[in-house]
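Undergrad: Supplied in structure tokens, the structure appears directly below.
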Amino acid sequence: MPKKLLSLDDHIQDISTSRDRSGGGRFQLVPAGTELVGEVVLNSCSAVAAAFTDQGFRWAKSGLRFSRKVGPFTHIVSFQSDGANTSGHHIAVAMHAQVKSAALEKWRLANNGVTDGANLWITQVGYLNPTHEYLKWQLVDPQTRADEIQSMIGTVRNHVLPAFDACSSMEKLSARLLERNEIVRFPDWALDIALWAGNEQAAKSLVRIFLESKPDLAGFFYQEYERQRQTPAVGIPANRYQAFVRLCIDHELLIPGMA
């Protein structure tokens, strides 16, 4: 079963424990017959990826990840080898999930998006769980490794694939983007996604959600909205907030509280 890290104290304790476990083997010759970190990580991660080949995923050994293309979306699961890993002592791995779209990147460039790049979202797989836990799997013990691999497969199947499903077509994205926390975690960035998906109602909701999350900046947004409405902005915005306001104006999204 994965180690679950819920708080900063959990992460600090995990770092300390990992260093203690690795300490005896670091900077020492590896005894003959000891399983090497690289081999264990590669074999374990490729075994996880192999469980999803029938769903269109392809394994990339060089990047320690597996991915697939679905319409305009690319779904990616990547593996992160723990920095304290030491052969025979400590071999921990975390997983991350990501959705990208080259089409979204082009839209952002053409429409002065709040941000740039192809990412819809990227997160540690444990954060897709309602309990919001950072998950890490320990693979050093050959006796428990198969169970750890099955746990990783189950996590992808139960939490990652449903998140990917919401980004498997433009219609699903439009219908479900507001319910997916990994998408709306940064509501101003998600505004790009809602407008790209053609969901004006979701865009209006994201404007409201974003402004409610920044009450201390309300005055700035009102002033910036009026300034850009009188003198349309040109060129690259100085910051994401100016970009947000420009996108609202360009798409006729009224900032709440303004006439």
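Sequential numbering from 1 applies to the sequence shown in our numbering.
Note that CB positions come from ideal geometry on N, CA and C, so glycine has one too.
Bear in mind the structure is a predicted one, so any value in this text is a computation, not a measurement.
(1) Using CA coordinates, which residue listed in V93, E182, T34 and R145 is at the minimum distance from N129?
(2) Return yes when the Cβ of S62 is within less than 8 Å of the Cβ of H75, no when it is not.
(3) G56: which of N199, Y225, K69 and L177 sits nearest, CA to CA?
(4) Just the Cα atoms here: how many angstroms apart are K106 and A163?
(5) Does the distance between the C-beta of T155 and the nearest non-hydrogen atom of the ligand FAD fall short of 7 Å?
(6) Work out the CA separation of A197 and M170 for me, nearest whole Å.
(7) Roughly how many angstroms separate the alpha carbons of L5 and I122, rounded to a whole number?
(8) For L263 and H89, I'd like the C-alpha separation in whole angstroms.
(9) Using beta-carbon positions only, say whether D216 and V114 come within less than 8 Å of one another.
(10) What did DSSP end up calling A260 once you bin it into helix, strand or coil?
(11) Which of the three DSSP states is assigned to K214 in this structure?
(12) Out of R208, A146 and D250, state which residue places its alpha-carbon closest to the alpha-carbon of T231.
(13) Is H159 helix, strand or coil by DSSP?
(14) Going by the beta-carbon positions, is the gap between R58 and V77 smaller than 8 Å?
(15) Suppose the cutoff is 6 Å on Cβ atoms and the five residues either side in sequence are ignored; what does the same chain contact list for R145 look like?
(16) Taking buried to mean at least 16 other C-beta atoms within 10 Å of its own C-beta, is F126 buried or exposed?
(17) I need the straight-line Cα distance from L247 to I236, nearest angstrom please.
(18) Is it the case that the Cβ atoms of V184 and L177 are separated by a distance below 8 Å?
(19) When DSSP labels each residue in this structure, what does A166 get in the three-state scheme?
(20) Of all the beta strand (DSSP E) runs that stay within the bounds of the segment 85–112, which reach a length of 3 or more residues?
(21) If you follow the beta strand (DSSP E) that L135 is part of, which residue opens it and which one closes it?
(22) Determine, using beta carbons only, whether N119 and K100 come nearer to each other than 8 Å.
(23) Would a C-beta distance cut-off of 8 Å place A203 and L253 closer than the cut-off?
(24) I need the boundaries of the beta strand (DSSP E) containing N119, first residue and last residue.
TA: Quick look at the numbers:
(1) E182
(2) no
(3) K69
(4) 23 Å
(5) The ligand FAD is not part of this structure, which contains no ligands at all.
(6) 6 Å
(7) Caution is warranted here: a pLDDT of 47 is assigned to L5, below 50, making its placement in the model unreliable, and the coordinate value is therefore given only provisionally. Roughly 18 Å separates the two Cα atoms.
(8) No information on residue 263 is available, as it lies outside the stretch 1 to 259 that the chain covers here.
(9) no
(10) The question about residue 260 has no answer, for the chain in this structure spans 1 to 259.
(11) coil
(12) Nearest of R208, A146 and D250 to T231, Cα basis: D250.
(13) helix
(14) no
(15) The residues L139, in chain order, have a CB closer than 6 Å to that of R145 in the same chain once the five nearest residues on each side in sequence are set aside.
(16) The sequence as given places Gly at residue 126; Phe does not occur at that position. By the neighbour-count criterion, in which a residue is buried when 16 or more other Cβ atoms sit within 10 angstroms of its Cβ, G126 is buried.
(17) Distance between the alpha carbons of L247 and I236 is about 12 Å.
(18) yes
(19) coil
(20) Counting whole runs of 3 or more residues, the segment 85–112 contains the beta strand (DSSP E) stretches 92–100.
(21) Taken as a continuous stretch (DSSP letters only), the beta strand (DSSP E) holding L135 covers Y134 to Q138.
(22) Yes, the Cβ-Cβ distance between N119 and K100 is below 8 Å.
(23) Between A203 and L253, the gap from beta carbon to beta carbon is short of 8 Å.
(24) N119 to Q124
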